[in-house]
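Asks: Protein chains in written order, with this note's numbering: chain E, 153 to 334; chain R, 128 to 278; chain C, 14 to 384.
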Amino acid sequence: MDVNPKAPAPFPGDVIPTPGGGILVSKMDQVINWARSNSLWPLVFGTSCCAIEMMSTASAKYDWSRFGFEVARATPRQADVIIIAGTIVNKMAPVLKRLYDQMAEPKYVIAMGACATSGGPFFYNTYSVVKGADHVIPVDVYIAGCPPRPEALIHAMISLQEKIKLGLTREQIRMEKPEQSF
Amino acid sequence: MTREELQAQLPELAPGSTFEEGGEWLNMNVDVSLWKNFSHALKFTLSLDFDYLFCLTCVDWKTHLTMVYHFTSTTHRHHLVVKIKLDRTTPQVESVAEIWRTAEFHEREVFELFGVEFINHPDLRKLILPDDWEGFPLRKDYEDPINMIKL
Amino acid sequence: MLEEVATTEQGDLVINIGPQHPATHGVLHLVITLNGETIKKVEPHLGYIHRSIEKMCESLSYRQFIYVTSRMDYLSSHINNHGCAMLVEKAMQIEVPQRAQYIRVIMDELTRLASHQLWWGAMAMDIGAFTPFFLAFREREMINEIMEETCGARLTMNYMVPGGVMFELHPNFCKKVKDFIVHFRSKIDEYDELLTGNIIFQNRMKNIGVLSKEDAISFGCSGPTARASGVECDIRKLYPYEVYSQVQFKEILATEGDSFARYKVRLLEMRESMNIIEQLIDNIPEGEFQAKTKAVLKLPKGEFYSRIETARGEFGVYVVSEGGTTPYRIKFRSPGFSNLSALDHMVRGQKLGDMVAIMGTLDLVIPDIDR
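(1) For the region 227-247 of chain C, list every residue whose C-beta sits within 9 Å of some C-beta in chain R, in sequence order.
(2) Which chain R residues are close to residue 351/C, counting only those with a beta carbon under 7 Å from its beta carbon?
(3) Is it buried or exposed, residue 268/R, if we count other Cβ atoms within 10 angstroms and call 16 or more buried?
(4) For chain C, check one thing: does any of its Cβ atoms lie closer than 8 Å to the Cβ of residue 303/E?
(5) Could you pull out every residue in the same chain whose Cβ sits closer than 8 Å to the Cβ of residue 255/E, ignoring the five residues on either side in sequence?
(6) Can you give me the C-alpha to C-alpha distance between residue 34/C and residue 365/C, rounded to a whole angstrom?
(7) I need the straight-line Cα distance from residue 273/R to residue 252/R, nearest angstrom please.
(8) Identify every residue that forms a DSSP beta bridge with residue 360/C.
(9) Assuming residue 146/C is part of the alpha helix (DSSP H), what are its boundary residues?
(10) Any idea what DSSP makes of residue 155/R, helix, strand or coil?
(11) State the Cα-Cα distance for the pair residue 190/C and residue 223/R, rounded to the nearest angstrom.
(12) Please classify residue 187/E: is it buried, with 16 or more other beta-carbons within 10 angstroms of its beta-carbon, or exposed?
(13) With 16 as the cutoff for other CB atoms within 10 Å, does residue 180/E come out buried or exposed?
(14) Would residue 212/E count as contacting chain C if we go by Cβ distances under 8 Å?
(15) Measure the alpha-carbon distance for residue 332/E versus residue 93/C and round it to whole angstroms.
(16) Could you check the C-alpha separation between residue 255/R and residue 203/E for me, to the nearest Å?
(17) Looking at the unbroken alpha helix (DSSP H) that takes in residue 281/C, where does it start and where does it end?
(18) Could you compute how far the alpha carbon of residue 150/R sits from the alpha carbon of residue 196/R?
(19) Tell me which same chain residues have a C-beta within less than 6 Å of the C-beta of residue 184/C, skipping the five on either side of it?
(20) When the Cα atoms are used, what is the spatial distance from residue 201/R to residue 257/C?
(21) Alpha carbon to alpha carbon, how far is residue 193/R from residue 214/R? Give it in angstroms, no decimals.
(22) Please report how far the alpha carbon of residue 266/C lies from the alpha carbon of residue 275/E, in whole angstroms.
(23) What are the residues in the region 170-184 of chain R lying within 7 Å of chain C by C-beta distance?
(24) Just to confirm before moving on: does the CB-CB distance between residue 162/C and residue 197/C stay below 8 Å?
(25) Kindly say whether residue 268/R, judged by its beta-carbon, lies nearer than 8 Å to any beta-carbon of chain E.
(26) Could you work out which residues of chain E lie near residue 271/R, taking near to mean beta carbons separated by less than 7 Å?
(27) Cβ atoms of residue 378/C and residue 38/C: under 8 Å apart, would you say?
(28) Let me know if residue 382/C comes out buried or exposed under the rule of 16 or more other beta-carbons within 10 Å of its beta-carbon.
(29) Starting from residue 243/E, find everything on chain R with Cβ-Cβ shorter than 7 Å and list it in chain order.
(30) Any chance you could list the beta strand (DSSP E) runs of at least 3 consecutive residues sitting entirely within the region 32-60 of chain C, in chain order?
(31) Do the CB positions of residue 310/C and residue 175/C come within less than 8 Å of each other?
(32) If the cut-off is 9 Å on Cβ atoms, which residues from the region 196-211 of chain E count as contacting chain C, listed in chain order?
(33) Using 8 Å as the Cβ pair cut-off and three pairs as the minimum, do the region 203-211 of chain C and the region 325-334 of chain C touch?
(34) Distance, Cα to Cα, residue 273/E vs residue 209/R?
(35) Give the interface partners of residue 174/C over in chain E, defined as CB-CB distance under 8 Å, in chain order.
(36) Would you mind stating whether residue 186/R and residue 218/R have Cβ atoms separated by less than 8 Å?
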């Protein structure tokens with residue numbers, strides 16, 4: 153018995169795709185990913201204390217617009233990345249899901265702070281806190297801290313940018329090692 | 128007025144009420160049936176003039192519930208704490224939202240967290256919890272096996 | 014008594030603002046009934062950040078519950094912690110050393126300054142002016158750096174303990190605070206020049222959202238919101254705690270009760286805070302920074318209430334204790350809850366654009382309201 157079934161022999165005249173796309177397409181992909189990562193516009197979404205550190209990151213001392221996060225849009229239709237800054241409670245979870253659904257692809261999610269990562273200080277003995285924003289929407293980057301420093305938020309944004317530049321799809325970003333080396 | 132003067136004047140307005148010893152301010156236990164007239168008297172009697180209600184809450188003592196009202200007067204600067212004992216199965220008390228407008232929100236919160244029904248409240252419905260929540264979370268017998276760890 | 018309850022007639026428009034909105038200072042959902050541009054009724058829907066703190070505190074010890082309150086009103090986190098620590102000290106009759114009292118009051122006033130700075134920047138941004146936001150954060154960063162050197166964190170500094178403060182002051186603390194005050198005195202004149210004297214700003218704020226004195230008392234308002242209507246309610250003057258009885262400062266009152274009065278009261282309070290810090294910073298006595306207390310605290314059986322003046326108003330902590338290591342019932346009387354209940358009364362008959370200005374001057378922090 154054949155343990156490793158081989159693919160059928162190619163019919164002469166078939167176009168065999170090279171891994172990573174053809175030369176023209178892969179260069180285009182690199183350029184597109186570079187452009188995407190350098191202009192991620194965040195959505196204005198802060199529920200509690202981490203929102204103040206997010207506002208500090210937006211202001212003059214730890215400016216995040218040097219990295220391309222220039223305008224923070226209020227409407228999810230115009231935003232690329234949603235930074236969940238604060239605790240998510242049972243009443244707010246459907247609102248968060250609705251905002252996420254309204255965003256256009258490609259969209260990314262950063263969970264800022266201990267509350268959005270896992271429920272934070274409100275993990276035990278609360279009847280209304282969702283223990284982590286990833287119960288509601290898929291998250292790409294998690295930041296620890298209560299609240300995390302502005303430098304930690306910028307570090308998370310840069311890691312998100314690097315992963316986008318590697319050209320990974322959403323599912324691949326959440327795996328351990330990227331399949332394609334750069 | 129001092130604590131002693133208050134303790135002398137208040138029993139005529141609410142006969143049968145008792146006072147507690149100790150504590151920072153004068154604590155008074157009033158019967159629930161006298162609350163409507165007594166609350167009017169607290170606000171509109173010129174010598175008392177309790178016009179600032181700064182804390183309204185409820186405490187669950189496993190056999191009964193107790194409403195706690197903290198009053199002060201901006202003119203005379205005296206304080207009073209009124210406690211009303213309520214039955215656990217059907218807790219009902221007269222609303223004071225017409226006299227002190229701050230009670231509108233506070234009583235809605237006590238209604239959804241403890242289940243106390245306020246008679247004559249202009250708009251009694253849930254304030255903080257989602258509309259389809261069942262149960263009264265702040266009562267001591269609230270069962271929530273997923274989230275609560277019993278100590 | 015109660016006004017006419019506004020009913021929805023035909024031709025009325027009901028719109029939603031929030032919970033996700035740049036101008037709602039957190040997650041506040043307002044359902045507004047409009048007739049054209051004139052507001053007939055505003056109904057706040059709360060609960061989008063209700064983290065059930067009161068139930069959670071029934072399982073935390075008396076040393077642990079203090080730090081949850083700094084997540085409630087996160088802009089006056091030191092002051093909230095201070096109020097809770099004062100409650101434990103009052104109940105257990107712990108005497109706080111003089112050095113710790115001075116340090117606590119200086120930290121409180123710095124926090125009040127930082128909170129008013131952020132209020133100023135955020136309010137101006139809601140009205141449409143973007144520059145004050147960056148100016149306010151520039152000064153706020155200086156205070157955050159001072160706090161970070163001593164307390165270790167920028168926003169939720171867990172620094173107050175029952176009996177005093179947690180760590181000794183950093184050696185650079187006094188010098189940095191004095192430099193900051195000199196720097197900020199010139200900057201606050203710049204704030205006045207930019208915004209207070211601006212004719213457009215004044216037209217948007219004067220005679221908008223008037224709250225009379227009787228209404229402010231009836232709604233239970235406190236803090237700058239009530240003081241702008243003429244109510245004397247500064248806890249630091251009425252029931253002085255720590256070293257406030259030894260410091261000279263004025264209680265700022267105004268009589269008009271409109272948005273511009275609330276704005277002016279807060280700006281003048283910033284100046285008074287700087288006066289208080291200047292009087293105290295050179296005279297911090299030597300001594301212990303923390304009284305000796307047991308590791309596990311058990312409050313005696315009874316009920317206790319402590320109140321403190323935060324940047325938003327009177328914050329009260331009411332504890333019912335059964336003699337154990339955890340509270341039996343704890344209730345936090347938050348200033349924003351009462352201030353928000355006056356919003357419906359203030360905006361009736363005004364235009365939609367004015368409502369944003371009124372909410373900006375109320376200085377709401379929604380996690381404080383929802384607890």
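Note that the Cβ used here is the ideal one computed from N, Cα and C, for glycine as well. Nothing here was measured: the structure is a model prediction, and the numbers come from that model.
Replies: Considering the structure as presented:
(1) If you check each beta-carbon in the region 227-247 of chain C against every beta-carbon of chain R, the ones closer than 9 Å belong to 227, 228, 230, 231, 232, 233, 234, 235, 244, 245, 246.
(2) Contact note: residue 351/C reaches chain R through 229, using a C-beta cutoff of 7 Å and chain order.
(3) Looking at its Cβ environment, which holds fewer than 16 other Cβ atoms inside 10 Å, residue 268/R is exposed.
(4) No, its Cβ sits nowhere closer than 8 Å to a Cβ of chain C.
(5) Once the five neighbours on either side are set aside, the close Cβ partners of residue 255/E are 195, 228, 229, 231, 232, 234.
(6) Each residue's alpha carbon lies about 15 Å from the other.
(7) Those two C-alpha atoms are separated by around 26 Å.
(8) Residue 360/C is not bridged to any residue.
(9) DSSP places residue 146/C in the uninterrupted alpha helix (DSSP H) bounded by 144-164.
(10) In this structure, residue 155/R counts as strand in the three-state DSSP scheme.
(11) Taking the straight line from one Cα to the other gives about 48 Å.
(12) Residue 187/E should be labelled exposed.
(13) That one is exposed.
(14) The Cβ of residue 212/E sits closer than 8 Å to at least one Cβ of chain C.
(15) Confidence at residue 332/E is low in this model, with a pLDDT of 49, below 50, so its placement is unreliable and no value can be given for it.
(16) Each residue's alpha carbon lies about 21 Å from the other.
(17) For residue 281/C, the enclosing alpha helix (DSSP H) starts and ends at 272-294.
(18) Cα to Cα, residue 150/R sits roughly 15 Å from residue 196/R.
(19) Hits under 6 Å: none found.
(20) Roughly 21 Å separates the two Cα atoms.
(21) So the alpha carbons of these two residues sit roughly 9 Å apart.
(22) Put simply, the backbone Cα of residue 266/C is about 43 Å away from that of residue 275/E.
(23) Considering only beta carbons, the part of the region 170-184 of chain R lying closer than 7 Å to chain C consists of 178, 179, 180, 181, 182, 184, in chain order.
(24) No. Outside cutoff.
(25) By this cut-off, residue 268/R is not an interface position.
(26) Those are 279, listed as they occur along chain E.
(27) In this structure, residue 378/C lies closer than 8 Å to residue 38/C by Cβ.
(28) It is buried - the Cβ of residue 382/C has at least 16 other Cβ atoms within 10 Å.
(29) Per Cβ cutoff of 7 Å: 257.
(30) Unbroken beta strand (DSSP E) stretches of 3 residues or longer found wholly inside the region 32-60 of chain C: 42-48, 51-58, given in chain order.
(31) At the C-beta level, residue 310/C and residue 175/C come within 8 Å of one another.
(32) Of all residues in the region 196-211 of chain E, 196, 197, 198, 199, 200, 201, 202, 203, 204, 205, 207, 208, 210, 211 have a Cβ within less than 9 Å of some Cβ in chain C.
(33) Between the region 203-211 of chain C and the region 325-334 of chain C, the count of C-beta pairs closer than 8 Å stays below three; the two stretches do not touch.
(34) Residue 209/R has its alpha-carbon roughly 35 Å from the corresponding atom of residue 273/E.
(35) Simply none; closest approach about 17 Å.
(36) Taking 8 Å as the Cβ cut-off, residue 186/R and residue 218/R do not qualify as a contacting pair.
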